[in-house]
Structure formats: structure tokens, C-alpha cells
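Heads up, the thing below is written out as C-alpha cells.
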Amino acid sequence: QRFGLLLAMLSRLGILPDPSAEVEDAVRAMRNQQQSLMADVAVRGNPAKRLAGQLINRWVVVMGSGLLAPVARRWKGQISEIAKTWAQFEFLPEADHNTVAGVENPAEMLSQTMIIFLRASLDHPQNLLRNDLTRQTFMLAGLGTDYFEAKGETRLAQMWTTLHFGDYVAYYLAMAYGVDPTPVPAIESLKLALKHARLQQ
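In the working numbering, the protein residues as written are 5 to 205.
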């Protein structure tokens, strides 16, 4: 919602062109995607449920590049907050300079890792190549991988459909673990501790 308001404001100020066409494409792409993500759609026809199933009892890593780099961060946050699951995010190409070297130890943990690659056809061609080759590198090292291909004809649509899909994955992962996706007691406890610490200063 805040993102949409920001787009509208920048457009009215003449800083950005009218985003109406891109917003319409994004909404249309999300509606089309929504049909297969609903709770009453069985696992066989529901890609979000299938991916969530692969994440059960796994160390989750989300990889993103270009326009989907901030979306990877969002996926990590949603998986942690909604499914109460440890997750992390990595950005390409940065991960190719260090993360790919860490595929040896600890072997027990790496065997339980699932790396999700977020892919957008409108990303830079070099990023797309890195995405595919990095995934192949991890697969050859024995790590679990999967990917999500963004939907839509515009950059905005590809960002929004990836955000949309990630939220459903986090929700279905929470259901698989039998946890309530709404409360975040760890965050609330931390806020209270910080507030108490400030009062003591």
C-alpha cells in the first residue's frame, strides 16, 4: 500500500511517468497467480504449498538479484515472522564472491539447506546467467535448490508477483509447522526488553 502511494505521489510530482499501466499489469498478474495459491487448491496444483513442503525442517536461504534483491530480503522476513522459521537472504552477484565457497562445512547443516532462487525475466541478462550458474554450483555441491519465476510483463508486476507468492509460501509453511502466523512473541519480547533498558538509562 505504501509503495503504491509513493508511486502515485512521484507521478503527480512529475518525477515518474504515470504508473497506471504497470500497476494494472501487476494487479492482473497477481490475480492470475492467485487462482492456484488459494487454500482450497490441492498441493498438486498449488506451487506455494509444494515449495513450502520442501522447506520443512530445512535451513532456508533466499537468493535474489537486481529488481528481486529487495524481494529476497522480504521473503526472509516473512518466513521468519510468519512461519517462525530461521531463514536468511543472499544477493547476487555478491554471493558469488564468498557464499559459494562455503559449501563444505558443516556438512550436516548443508545437507539440510534449501536455497530458493528468485528469477525475473526482466532482470539484467548477466544476473540471469549468474542465477542459473550459481544454482547449478550449489546443486553439484549437494545442496537442495529450487526457484521461483516471476510473473508479469513489467518490472513492477514481476516484483509484486514474487512478493505475493512468497507471502503464501510463508503462510503455508506456518500451517505445516502448526504455528499461528499472526503473533511474533520473540519480536515483542525484544521490544519490551529494549524499552525497559532505555528506561533504566
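Virtual Cβ for every residue (Gly too), placed ideally from N, Cα, C. Everything numeric in this text was worked out from a predicted model, so none of it was measured.
Your pair ILE86 and PRO185 checks out as a contact, with CB atoms roughly 4 Å apart and the cut at 8 Å.
GLU94 places its beta carbon 8 Å or farther from that of MET113. Apart from the 5 residues on each side of it in sequence, THR117 sits with its Cβ closer than 7 Å to the Cβ of ARG62, TRP63, VAL65, LEU147, GLY148 in its chain, given in chain order. Residue nearest to ILE83 within the set ASP44, GLU108, ILE60 is ILE60 (criterion: CA-CA distance).
Considering only TRP90, GLN38, SER69, GLN37, the residue with the shortest C-alpha distance to ALA178 is TRP90. Spatial neighbours of PHE142 in its own chain (CB-CB distance under 8 Å, excluding positions within 5 residues in sequence) are listed in chain order as VAL104, VAL107, ILE119, THR149. Burial is judged here by how many other beta carbons sit within 10 angstroms of a residue's own beta carbon; GLN37 has at least 16 and is buried.
Excluding sequence positions up to five before and after ALA154, its CB lies within less than 6 Å of the CB of ALA124, GLN162, THR165, THR166, all in the same chain and listed in chain order.
Beta-bridge partners of GLY68 (DSSP): PHE95. Counting along the chain, the unbroken beta strand (DSSP E) around MET118 starts and ends at 117-123. In the same chain as TYR175, and ignoring 5 residues on each side of it, the C-beta atoms closer than 7 Å to its own belong to ILE86, PRO185, in chain order.
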